[in-house]
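Enquirer: Taking this note's numbering, the leading residue of the sequence shown gets 902, the next gets one more, and so forth.
Note that CB positions come from ideal geometry on N, CA and C, so glycine has one too.
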Amino acid sequence: MFDTKISSRNIKKRYSYQAVKKLNDQENEKNEYTIIKDCIKKYDGHRHFAKIIKINTVKYILMYFNDEQELFKATYDSAMNKDLNALTSKEVVDKFNQLNSDFSNRIENISGKEDSASKACSQFQSTR
């Protein structure tokens, strides 16, 4: 798989910068070769290697970058082109807000219990 002249440290360094993008419905219908080719063209060939992976019937493209700078440039370009899977649909935003509300309620309940427990502990110490 790798050149035998490359040390394991250099292999680890070369393949440590990765990015993953979930493929949308339009991209899922394309051939994997064309998806990778379009992705390389879109990001000006910054990746050293890209492949399609499938997790629970959902396809993702996994991209490897040569260094941290190329990874950040591709991420920045993706954000500027609004290529990221952003929260755009109303249903997704509502679901996120509901989840945030649920966690806020849990935090309030936990912090309320901690406050009452700390009060009881301080009262116990003051009676000693």
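(1) Is the region 994–1009 close to the region 952–971, with three or more CB pairs under 8 angstroms?
(2) Would you mind stating whether I954 and E933 have Cβ atoms separated by less than 7 angstroms?
(3) Under 7 angstroms between the Cβ atoms of F973 and Y918?
(4) Where does L1000 land, buried or exposed, given buried means 16+ other C-beta within 10 angstroms?
(5) Cβ atoms of Y944 and A980: under 7 angstroms apart, would you say?
(6) Is the Cβ-Cβ distance between A951 and I937 less than 7 angstroms?
(7) When DSSP labels each residue in this structure, what does L924 get in the three-state scheme?
Expert: Well, looking at it:
(1) The region 994–1009 vs the region 952–971: no contact.
(2) Start at 1 with the first residue of the sequence shown, and residue 954 comes out as number 53. Start at 1 with the first residue of the sequence shown, and residue 933 comes out as number 32. In this structure, E933 does not lie closer than 7 angstroms to I954 by Cβ.
(3) Position 72 of the sequence shown, counted from the first residue, corresponds to residue 973. Position 17 of the sequence shown, counted from the first residue, corresponds to residue 918. Pairing F973 with Y918 gives a Cβ-Cβ distance that is not under 7 angstroms.
(4) Within the sequence shown, the letter at position 99 stands for residue 1000. The residue is exposed, with fewer than 16 neighbouring Cβ atoms inside 10 Å.
(5) Stepping through the sequence shown from its first residue, residue 980 is reached at position 79. Stepping through the sequence shown from its first residue, residue 944 is reached at position 43. No.
(6) By one-based count along the sequence shown, residue 951 stands at place 50. By one-based count along the sequence shown, residue 937 stands at place 36. Contact flag set, yes.
(7) Here the question's residue 924 lines up with position 23 in the sequence shown. For L924, the three-state secondary structure derived from DSSP is coil.
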